[in-house]
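Comments concern the structure below.
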Amino acid sequence: MQRADGLDCRGLTKEYQGSRGRRALDSIDLQVPARGIFSLIGMNGAGKTTLVRILATQLEPTSGTASIDGLDVVKQAKALRERIATVPQEARTVPWMTPKQTVLSYLMWRGTSYSASKAKASEVLAKVGLEQQEDVLTRRLSGGMKRKVMVATVLASEADIVFLDEPTTGLDPISRKELWAYLGTLAKDRFLILTTHYLEEAEELANIIGIMHMGRIVGLGTLDQLRAEVKQQYSVRVAAGHELPSITDGRVTRARSGEAQILTTEDEAYRLSRQLLERGARFSMSRVSLDDIFFHLVNRSDLEGTRA
Amino acid sequence: MKPWGRQVLASILVNSIYEMKNYPVVLINTVLSPLSFLLVIAFVSRGQLIPDAIEGGFIMSMFNSGMSLQGDLAHLKNDFKLQDMVVSSPTSPAAYVTGMALAEVIYSTPALAVLVVLAAIYIHPGVAEAVLLVSVLLLMFLASIAIGYTLSTFSSDIVQSFAFSRLISTLFSTLPPVYYPITLIPTPFRYAAYLSPTTYAAEISQNAAGLLSLSSSGVAAAWGVLLATTAALALVAMKKARWREV
Numbered sequence: 014m015q016r017a018d019g020l021d022c023r024g025l026t027k028e029y030q031g032s033r034g035r036r037a038l039d040s041i042d043l044q045v046p047a048r049g050i051f052s053l054i055g056m057n058g059a060g061k062t063t064l065v066r067i068l069a070t071q072l073e074p075t076s077g078t079a080s081i082d083g084l085d086v087v088k089q090a091k092a093l094r095e096r097i098a099t100v101p102q103e104a105r106t107v108p109w110m111t112p113k114q115t116v117l118s119y120l121m122w123r124g125t126s127y128s129a130s131k132a133k134a135s136e137v138l139a140k141v142g143l144e145q146q147e148d149v150l151t152r153r154l155s156g157g158m159k160r161k162v163m164v165a166t167v168l169a170s171e172a173d174i175v176f177l178d179e180p181t182t183g184l185d186p187i188s189r190k191e192l193w194a195y196l197g198t199l200a201k202d203r204f205l206i207l208t209t210h211y212l213e214e215a216e217e218l219a220n221i222i223g224i225m226h227m228g229r230i231v232g233l234g235t236l237d238q239l240r241a242e243v244k245q246q247y248s249v250r251v252a253a254g255h256e257l258p259s260i261t262d263g264r265v266t267r268a269r270s271g272e273a274q275i276l277t278t279e280d281e282a283y284r285l286s287r288q289l290l291e292r293g294a295r296f297s298m299s300r301v302s303l304d305d306i307f308f309h310l311v312n313r314s315d316l317e318g319t320r321a
Numbered sequence: 068m069k070p071w072g073r074q075v076l077a078s079i080l081v082n083s084i085y086e087m088k089n090y091p092v093v094l095i096n097t098v099l100s101p102l103s104f105l106l107v108i109a110f111v112s113r114g115q116l117i118p119d120a121i122e123g124g125f126i127m128s129m130f131n132s133g134m135s136l137q138g139d140l141a142h143l144k145n146d147f148k149l150q151d152m153v154v155s156s157p158t159s160p161a162a163y164v165t166g167m168a169l170a171e172v173i174y175s176t177p178a179l180a181v182l183v184v185l186a187a188i189y190i191h192p193g194v195a196e197a198v199l200l201v202s203v204l205l206l207m208f209l210a211s212i213a214i215g216y217t218l219s220t221f222s223s224d225i226v227q228s229f230a231f232s233r234l235i236s237t238l239f240s241t242l243p244p245v246y247y248p249i250t251l252i253p254t255p256f257r258y259a260a261y262l263s264p265t266t267y268a269a270e271i272s273q274n275a276a277g278l279l280s281l282s283s284s285g286v287a288a289a290w291g292v293l294l295a296t297t298a299a300l301a302l303v304a305m306k307k308a309r310w311r312e313v
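This is the structure we're talking about:
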């Protein structure tokens, strides 16, 4: 299996026809080593799917360039398609097919022989825990099982660059964790590009995280690198009903439950904690999570509560 | 088998074999659709137009294969995102569409088999007539899959897709004189009928079977229109169909 050297976007822009000048992607510059899992996070309409569809050679950019391992997504799409596989957002299993037939036909589209595809289909479905359901029509499967079939379908291929656009949407927490474990294993010898709404998913799985907002990359790096971009790297959460101490450096948001969150510096977090302890307040202190970084970077902290 | 053959086979499996195997009830519709008109024409004409209606059944089967292709491709593209998965794979649009189109023919096999039996009973075509009919049907099929594929790549939802499919099917295979001779319809309507390539296909096959008498220049003109229309539609499909979206 070939290894990719890197994902490289320069001035990548997409403006859909009839969008009246609104850019779905706005001059994206992005360089990511093609190893492990690269996760794109962002709100609905941030541009994640548009970016993935361009990289997966399904959509033409309006301007700019993008390449993976030196293969241009427009000019060298044919060569790139030998190496990529994708589970699009909203991809569904075809109801008149079984999981085995789904994986088998996809592998044949990739050029694998019928007998090899059949054997590989059973092998991969067993790995995702669907060996008992491999000959059951997919319309009879649960939503979680159907998602697993879709993921198994592309992962059965020899593609070493795999795009998964919100693969765990709709899965229950247990199925999601099972799939995470499987993706983690696969990422050892493939480059997975994963979009997700679940920030904890990116935090758990991704080696590199890209934060998208309004068609732009507003944050890129490892979790520690993203934390470093945030001035206030500590979070103090104070339960509802407790008076907050005076804050010299930081900002406060308050959730609907009444819980207050103070994003602040390390020194200030310790000072506030001491005061809260003295008052007997219920509180917790931690380093900022990806959620905090995300909200900070996209300037949307008011989604979780109103500014204090 | 080479990769291209495997890719074609994958499309055939998905679009016909698995569906026929897992949902056998769909076969009833494929048989009834072309035969229903045939029966109506046979009853109304008191059996006199049975040979014309059989030829019309063949043409409608092949033309509707292309229209079904449009609906099926749009369904798989919009509702299952299958085309996106295939675009991001080594499969070429030609292999994908060829397999999907052949799947439609396989899907029509039960209806075609019934029509072949009826043709043997009521038309008794010779080898030359049979070859001619197959050639006409092949052109009809190519024209209809070119329309079907092109439209499928533009449709964004299944309701729009099926509306297109029904409209074109009605305009090209139900309204034109496919199941009966063109001489049965009033002159002003004949001009409108000649806008449809299926009219020329019906004329050629009816003439070959001795059901209609066309001059040699008339036959040549019908072939010319049919070939030109098919070539034009194929060209449009190659130039305008969107494999990768813009």
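Heads up: the protein sequence lines correspond to chains A and B, in order.
14 is the number of the first residue of the first sequence in my numbering; add one for each residue after it.
68 is the number of the first residue of the second sequence in my numbering; add one for each residue after it.
Don't be surprised by glycine CBs; every beta carbon is placed ideally from N, CA and C.
Chain B within 7 Å of residue i, Cβ atoms only
| i | result |
| --- | --- |
| A/Gly228 | no |
| A/Ala169 | no |
| A/Met158 | no |
| A/Ser118 | yes |
| A/Thr70 | yes |
| A/Gln89 | no |
| A/Glu28 | no |
| A/Trp122 | yes |
| A/Gln146 | no |
| A/Glu73 | yes |
is_contact[residue i, chain A] using C-beta, thresh 7 Å
| i | result |
| --- | --- |
| B/Lys148 | yes |
| B/Ser176 | Here the sequence assigns Thr to residue 176 of chain B, which means Ser is not the residue at that position. False, the Cβ-Cβ gap to chain A never drops below 7 Å. |
| B/Arg73 | yes |
| B/Thr158 | yes |
| B/Leu80 | yes |
| B/Glu122 | no |
| B/Val194 | no |
| B/Val172 | no |
| B/Val313 | yes |
| B/Ala77 | yes |
| B/Leu70 | Leu is not the amino acid found at residue 70 of chain B; the sequence shown has Pro there. It does; some Cβ of chain A falls within 7 Å. |
Residues near residue i by beta carbon distance below 6 Å, same chain, minus five either side
| i | result |
| --- | --- |
| A/Gly19 | Pro46, Ala47 |
| A/Ser80 | Asp21 |
| A/Leu25 | Leu38, Ile41, Pro74, Gly77, Ala79 |
| B/Tyr216 | Val164, Ala304, Ala308 |
| B/Ile243 | With the sequence shown as reference, residue 243 of chain B is identified as Pro, and Ile is not the correct amino acid for it. Only Ala260, Ser263, Thr265, Thr266 meet the Cβ criterion. |
| A/His309 | Val243 |
Backbone CA spacing between residue i and residue j [nearest angstrom]
| i | j | result |
| --- | --- | --- |
| A/Ala129 | A/Glu136 | 11 Å |
| A/Arg267 | A/Leu143 | 44 Å |
| A/Gly260 | A/Leu285 | According to the sequence shown, residue 260 of chain A is Ile rather than Gly. Straight-line Cα distance between these residues: approximately 8 Å. |
| A/Arg160 | B/Val154 | 20 Å |
| A/Pro108 | B/Ala141 | 15 Å |
| A/Glu103 | B/Thr241 | 37 Å |
| A/Gln288 | A/Arg295 | 11 Å |
| A/Leu150 | A/Met110 | 5 Å |
| A/Arg94 | B/Val111 | 56 Å |
| A/Glu216 | A/Ser299 | 15 Å |
| B/Glu171 | B/Met152 | 21 Å |
| A/Pro180 | A/Ser188 | 11 Å |
| A/Thr174 | A/Leu205 | Before going on, a small fix: residue 174 of chain A reads as Ile here, not Thr. The straight-line gap from Cα to Cα measures roughly 6 Å. |
| A/Arg320 | A/Gly124 | Here A/Arg320 scores only 40 on pLDDT, less than 50, and its place in the model should not be relied on; the value that follows carries that caveat. Roughly 56 Å separates the two Cα atoms. |
| A/Gln15 | A/Leu168 | Because the pLDDT at A/Gln15 is just 43, under 50, the model does not fix this residue reliably, and the point stays unresolved. |
| A/Glu291 | A/Pro258 | 11 Å |
| A/Tyr12 | A/Ala165 | The requested residue 12 of chain A is not part of the displayed model; chain A covers only 14 to 321. |
| B/Ala275 | B/Glu196 | 6 Å |
| B/Ala269 | B/Ile84 | 30 Å |
| B/Leu105 | B/Ile117 | 7 Å |
| B/Ile188 | B/Ala210 | 29 Å |
| B/Phe256 | B/Lys69 | 50 Å |
| A/Lys131 | A/Arg105 | 21 Å |
| B/Leu206 | B/Gly291 | 11 Å |
| B/Ala249 | B/Val286 | Note that residue 249 of chain B corresponds to Ile in the displayed sequence, not to Ala. Whole-angstrom Cα-Cα distance: 14 Å. |
Cut-off 7 Å between Cβ atoms - residues of its own chain near residue i, not counting five sequence neighbours on either side
| i | result |
| --- | --- |
| A/Gln146 | Pro112, Leu154, Met158 |
| A/Ala90 | Thr70 |
| A/Ala92 | Leu84 |
| A/Arg96 | Gln15, Ala172, Asp173, Ile174 |
| B/Pro177 | Leu94, Thr97, Val98 |
Next item on the list: Determine which residues of the region 92-106 of chain A have a Cβ less than 8 Å from any Cβ of chain B, and write them out in chain order.
Entry: Arg94, Glu95, Ile97, Ala98, Thr99, Val100, Pro101, Gln102, Glu103, Ala104, Arg105, Thr106
Notebook entry, point to check: When Cβ atoms are compared, which residues of the region 129-155 of chain B fall closer than 8 Å to chain A?
Noted result: Those residues of the region 129-155 of chain B that come within reach of chain A (Cβ to Cβ, closer than 8 Å) are Leu143, Asp146, Phe147, Lys148, Leu149, Asp151, Met152, Val153, Val154, Ser155.
Notebook entry, point to check: If you measure beta-carbon to beta-carbon, which residues of the region 84-98 of chain B are closer than 7 Å to chain E?
Noted result: Among the chains of the structure shown, chain E does not appear; the protein chains present are A and B.
Notebook entry, point to check: Per the contact definition of three or more C-beta pairs closer than 8 Å, is the region 239-256 of chain B in contact with the region 124-143 of chain B?
Noted result: Yes, the region 124-143 of chain B is in contact with the region 239-256 of chain B.
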